[in-house]
Amino acid sequence: MKKRYPKYTHAFVDQDGTPRFYLRVPGRKRVPLPGLPWSPEFMEAREKALNADWEAPPIGASRTVAGTVNAALISYYQSGPFTSLAKSTQGNRRAILERFRNDHGDKRIAMMHAQALQNIVNSRRPAAQRNFVKTMRGFIDHCVQLGMIKVDPLLGVKRAKLKKAGGFHTWTEEEIIQYRKRHPSGTKARLALELLLQTGHARSDVVRMGRQHVKGGKLSMRRQKTGVQFDIPLLPDLNAELKLHPSSGNLAFLTTELGEQFTAAGFGNWFADRCKEAEVPGRAHGLRKASAVHHALRGATAPELMAWFGWKTITEAQRYIEEANRIRLAESAGDKVRAGTAIGKPLSQFAKKTRKALKNKRVKS
Numbered sequence: 028m029k030k031r032y033p034k035y036t037h038a039f040v041d042q043d044g045t046p047r048f049y050l051r052v053p054g055r056k057r058v059p060l061p062g063l064p065w066s067p068e069f070m071e072a073r074e075k076a077l078n079a080d081w082e083a084p085p086i087g088a089s090r091t092v093a094g095t096v097n098a099a100l101i102s103y104y105q106s107g108p109f110t111s112l113a114k115s116t117q118g119n120r121r122a123i124l125e126r127f128r129n130d131h132g133d134k135r136i137a138m139m140h141a142q143a144l145q146n147i148v149n150s151r152r153p154a155a156q157r158n159f160v161k162t163m164r165g166f167i168d169h170c171v172q173l174g175m176i177k178v179d180p181l182l183g184v185k186r187a188k189l190k191k192a193g194g195f196h197t198w199t200e201e202e203i204i205q206y207r208k209r210h211p212s213g214t215k216a217r218l219a220l221e222l223l224l225q226t227g228h229a230r231s232d233v234v235r236m237g238r239q240h241v242k243g244g245k246l247s248m249r250r251q252k253t254g255v256q257f258d259i260p261l262l263p264d265l266n267a268e269l270k271l272h273p274s275s276g277n278l279a280f281l282t283t284e285l286g287e288q289f290t291a292a293g294f295g296n297w298f299a300d301r302c303k304e305a306e307v308p309g310r311a312h313g314l315r316k317a318s319a320v321h322h323a324l325r326g327a328t329a330p331e332l333m334a335w336f337g338w339k340t341i342t343e344a345q346r347y348i349e350e351a352n353r354i355r356l357a358e359s360a361g362d363k364v365r366a367g368t369a370i371g372k373p374l375s376q377f378a379k380k381t382r383k384a385l386k387n388k389r390v391k392s
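Take the position in the sequence shown, starting the count at 1, then add 27; the result is the number in the numbering used here.
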């Protein structure tokens, strides 16, 4: 169920994942509000802002002024490069750009310079720096193309290097078994795991999956993020689990307690709670990674992985093939060690024979 906020409340999630709330009354500058909607501190600040003295702006003063960051952003939001992005990507980038607009909307876009952007970048954490620069790249390219900016101010802007990390934790076989033990077949929690693991698709796609997508034993739909079509067979474990869940009024396989389709973020939070109940560290995306490794370990080629997971480029598929090869090579090395009696023994025997041969050679001479 969609949350209802007090009138004139504007809400969005920034690039750090923090929800932010503003009082946005037409004709007035927006005011940041503390806490959560309906909380005492929120309502007190809202009431104070609504009752604050203010002068109505002159007629036309609230209109967007040409040549400002405000005007440039309105133009960018209507451009092909922005509207062609996935809805989720648009939302993430708009949140970053709106925060930028709040601080610099009235400034002249032509006066944007590298040092100003560098200062903004420096004030953020490494991951947020990357997201900010990536988002601003599309916006500034648009401005340069239309002649709003003559020199690209992002050129020369440096950001902190991210420490290499594995990203989301990839589920292990033991963790999958532990989760299944805690959430037996027939439960919604178990169905969620099987959908994520057996299809290998993102939570934004899993929440949309339903009986309308199943035809001839195959699941056919398009990825929400990229629009890539995928047609994959229903694997036995998933098919068996689906039979334990009778159809409801909603076409989606997974629904909330109110019988409505999950949002991607809402499902992610709900599934995280089920993982905590099972005492496993994994999350939804980690099952997608586990599924990709599982396919690669069983010999799936890069084109086959691309077809199954809906990837556009071979780079992502190759990454999981390399991970599978690493696992196989490590197991092969272990088999070779186990086939011998002990590590280092063959070398010791060789050294012993060498010393004996040298001794015999001295005696003969």
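Cβ atoms here follow ideal geometry from the backbone N, Cα and C, with glycine treated the same way. None of these values were measured; they are calculated from a predicted model.
State the beta-bridge partners of residue i as determined by DSSP.
i: M248; result: F257
i: L60; result: F48
i: R209; result: The partner list for R209 (beta bridge, DSSP) is empty, contrary to what the question assumes.
Using the three-state DSSP reduction, which class does residue i fall into: helix, strand or coil?
i: H169; result: helix
i: R325; result: coil
i: K303; result: helix
i: H240; result: helix
i: V407; result: Coverage of the chain is limited to positions 28 through 392, which leaves residue 407 absent and any answer about it impossible.
i: T95; result: strand
i: Q288; result: strand
i: A279; result: strand
i: A88; result: Note that A88 scores a pLDDT of 45, beneath 50, so its modelled location is shaky and nothing firm can be said.
i: R135; result: strand
i: M333; result: helix
i: W297; result: helix
i: M70; result: helix
i: L265; result: helix
i: G174; result: coil
i: V234; result: coil
i: F159; result: helix
i: Y35; result: coil
i: F195; result: coil
i: L182; result: coil
i: H312; result: helix
i: L112; result: coil
i: E53; result: The sequence given here places Pro at residue 53; Glu does not occur at that position. Correct three-state label for P53: coil.
i: L356; result: helix
i: S318; result: helix
i: G430; result: Because residue 430 is not part of the residues shown, which for the chain are 28 to 392, the question remains open.
i: K339; result: coil
i: P153; result: helix
i: L271; result: coil
i: A141; result: helix
i: Q105; result: coil
i: K363; result: helix
i: A76; result: helix
i: K188; result: coil
Going by Cα to Cα distance, which pick from the options is closest to residue i?
i: M138; options: T95, T116, A360, L173; result: T95
i: T226; options: L182, H322, H131; result: H322
i: V178; options: R186, H169, K185; result: H169
i: R315; options: S275, F195, V307; result: F195
i: V184; options: S212, L261, A141; result: A141
i: Q156; options: I176, L181, G367; result: L181
i: G276; options: G237, A219, E304, G174; result: G237
i: A334; options: V255, R121, E221, Y49; result: V255
i: L246; options: R151, L222, S274, T253; result: L222
i: A38; options: I101, R126, E68; result: R126
i: A319; options: T197, I203, P260, N296; result: T197
i: F69; options: T340, V364, Q145, P33; result: P33
i: A45; options: P61, K75, G326, Y35; result: Rather than Ala, the amino acid found at residue 45 in this sequence is Thr. With distances taken between Cα atoms, T45 lies closest to P61.
i: I259; options: H240, L269, P273; result: H240
i: R47; options: T36, T162, T340, R152; result: T36
i: R57; options: Q345, R186, A311, N129; result: N129
i: A229; options: N97, V52, P67, S115; result: S115
i: E201; options: R353, V307, V233, R121; result: V307
i: L224; options: T328, P263, W338, A329; result: P263
i: F298; options: W65, L218, K208, V160; result: L218
i: H131; options: A98, I354, Q172; result: A98
i: G107; options: G165, N352, V160; result: G165
i: L261; options: G244, R249, M248, R250; result: G244
Assuming residue i contacts residue j (C-beta within less than 8 Å), just tell me the rounded distance between them.
i: A279; j: R235; result: 7 Å
i: Q205; j: A305; result: 6 Å
i: S231; j: K215; result: Incorrect: roughly 18 Å between the Cβ atoms, too far for contact.
i: C302; j: G295; result: Not really, about 10 Å apart at Cβ, beyond 8 Å.
i: L124; j: L100; result: 6 Å
i: A417; j: I348; result: Beyond the ends of the chain as shown, which are 28 and 392, falls residue 417; an answer cannot be given.
i: L271; j: S212; result: 6 Å
i: A26; j: V40; result: This structure leaves residue 26 out entirely; the chain is present only between 28 and 392.
i: R31; j: L50; result: That pair is no contact at about 16 Å.
i: A344; j: L356; result: That pair is no contact at about 19 Å.
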